[in-house]
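Enquirer: Pasting a structure below so you can have a look.
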Amino acid sequence: MLCMKKQDDDFITYNDTKYNLQGIESLAWKKLVNGSVKKKNGFRTMCVGTIDENNAAALRIVVNRKVDEVQKTIFFHTDNRSRKYNDLIKDNRISLLFYDARQRVQIVAKAYATMHTTNELANDRWKATSPQARLGYMANEPPNTKSDQLTLGYEGRFATTKPTDDESNLFEKNFSVVACTVYELEFLYLDFHGNRKASFYYKNNVLVDGNWAVP
Ligand SMILES: Cc1cc2nc3c(=O)[nH]c(=O)nc-3n(C[C@H](O)[C@H](O)[C@H](O)COP(=O)(O)O)c2cc1C
1 MLCMKKQDDD
11 FITYNDTKYN
21 LQGIESLAWK
31 KLVNGSVKKK
41 NGFRTMCVGT
51 IDENNAAALR
61 IVVNRKVDEV
71 QKTIFFHTDN
81 RSRKYNDLIK
91 DNRISLLFYD
101 ARQRVQIVAK
111 AYATMHTTNE
121 LANDRWKATS
131 PQARLGYMAN
141 EPPNTKSDQL
151 TLGYEGRFAT
161 TKPTDDESNL
171 FEKNFSVVAC
181 TVYELEFLYL
191 DFHGNRKASF
201 YYKNNVLVDG
211 NWAVP
């Protein structure tokens, strides 16, 4: 990439391997991909930030379900009656925060969210979801609805008996896949010898610029 060439001589040594700026960008995406496929990896979950109805930052943890490093897109699943989903309908800008203490790496991404509801992608992902995971979408009232009693949200019998396909499929309409197309990514490595930071910028799913930054 031409615009990053001037910094090509600089590198970070990470796990005994040298990475130039371009290498760090690839490494960041490899780490995100690993997080999506390895259950115990620190990047398996991420904190997602949306803008709520009072223009305040709203945060919560979700599971990193899939990462497309070619399209620079990160996917998660959610109930489309949730606050985050409604926030995203109004403003589809989303922030994603990852930190793995073991790897000593933080990645912050800013992205545009696209919601997939009752379409082919949502149906495909729903079919691959376990009965246990489907319970997350089987609440009769929207998530966060106030309740006079302590509640599971879904029918009490499902606490002990997993729902059948027919039972859970009634709730498929609540299930959405959110695709987050990254336009900015920040990589921070907490190195004993001095912290290292780099930022990257994307347009239409393509890396267009990058720079080292003061950590
Ligand atoms: C480890 C962990 C993983 C979670 N994974 C998801 C997830 O993949 N999708 C999701 O919608 N909520 C997930 N949650 C619950 C959210 O953090 C949140 O409480 C819920 O989605 C309601 O958020 P909202 O009201 O801000 O939209 C997870 C929570 C934890 C602690």
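Per the UniProt record's numbering, the sequence shown starts with residue 1, numbered consecutively. We put the CB at the ideal spot given by N, CA and C, even for glycine.
1. List in chain order: all unbroken alpha helix (DSSP H) runs of 4+ residues lying wholly within the region 158-190.
2. Please classify Asn55 as buried or exposed, where buried requires at least 16 neighbouring CB atoms within 10 angstroms.
3. Mind checking whether residue 269 and Tyr137 have CB atoms under 8 angstroms apart?
4. Hey, could you find the ends of the beta strand (DSSP E) Tyr202 is sitting in?
5. Quick check: the region 80-100 against the region 141-159, are at least 3 beta-carbon pairs closer than 8 angstroms?
6. How would you write the range of the beta strand (DSSP E) that Tyr85 sits in, first residue to last?
7. Three or more C-beta pairs closer than 8 angstroms, one from the region 157-172 and one from the region 182-201: is that the case here?
8. Using a 10 Å radius around the Cβ and a threshold of 16 neighbouring Cβ atoms, would you call Lys12 buried or exposed?
9. In this structure, what does DSSP give as the bridge partners for Tyr154?
10. Please classify Gly35 as buried or exposed, where buried requires at least 16 other C-beta atoms within 10 Å of its C-beta.
11. Tell me, which residues are paired with Phe75 by DSSP?
12. Do Val178 and Phe43 have their CB atoms nearer than 8 angstroms?
13. For Phe98, which beta-bridge partners are listed by DSSP?
14. Give the single residue among Glu25, Tyr14, Val67 whose Cα lies nearest to the Cα of Val37.
15. Do Pro215 and Lys203 have their beta-carbon atoms positioned less than 8 angstroms apart in this structure?
16. State the Cα-Cα distance for the pair residue 221 and Asp9, rounded to the nearest angstrom.
17. Spatial neighbours of Val206 within its chain, please: CB distance less than 7 angstroms, with the 5 preceding and 5 following residues excluded, ordered by chain position.
Expert: Per the coordinate set shown:
1. 165-169
2. By 1-based counting over the sequence shown, the position of residue 55 is 55. Asn55 comes out exposed.
3. With the chain represented from 1 up to 215, any question about residue 269 goes unanswered, as that position is not in the structure.
4. Within the sequence shown, residue 202 is the residue found at index 202, counting from 1. Element bounds for Tyr202: 196-203.
5. yes
6. As a working mapping, residue 85 is identified with position 85 in the sequence shown. Tyr85 -> not in any beta strand (DSSP E); alpha helix (DSSP H) instead, spanning 83-90.
7. no
8. As a working note, residue 12 is residue 12 in the sequence shown. According to the sequence shown, residue 12 is Ile rather than Lys. That one is buried.
9. Within the sequence shown, residue 154 is the residue found at index 154, counting from 1. BP columns for Tyr154 are empty, so no partner.
10. Indexing the sequence shown from 1 puts residue 35 at position 35. Gly35 comes out buried.
11. The residue labelled residue 75 in the question sits at position 75 within the sequence shown. Per DSSP, Lys66, Ala179.
12. Taking the first residue of the sequence shown as position 1, residue 178 is located at position 178. Taking the first residue of the sequence shown as position 1, residue 43 is located at position 43. Result no, Cβ atoms of Val178 and Phe43 do not sit closer than 8 angstroms.
13. Position 98 of the sequence shown, counted from the first residue, corresponds to residue 98. In the DSSP output, where bridge partners are listed per residue, Phe98 has Ile107.
14. Your numbering for residue 37 matches position 37 in the sequence shown. Cα-wise, what sits closest to Val37 is Val67.
15. Here the question's residue 203 lines up with position 203 in the sequence shown. Here the question's residue 215 lines up with position 215 in the sequence shown. Cβ atoms of Lys203 and Pro215: not closer than 8 angstroms.
16. One cannot answer for residue 221 here, as it falls past the ends of the chain, which runs 1 to 215.
17. Stepping through the sequence shown from its first residue, residue 206 is reached at position 206. Closer than 7 angstroms at the Cβ level, and outside the excluded window around Val206, lies no residue.
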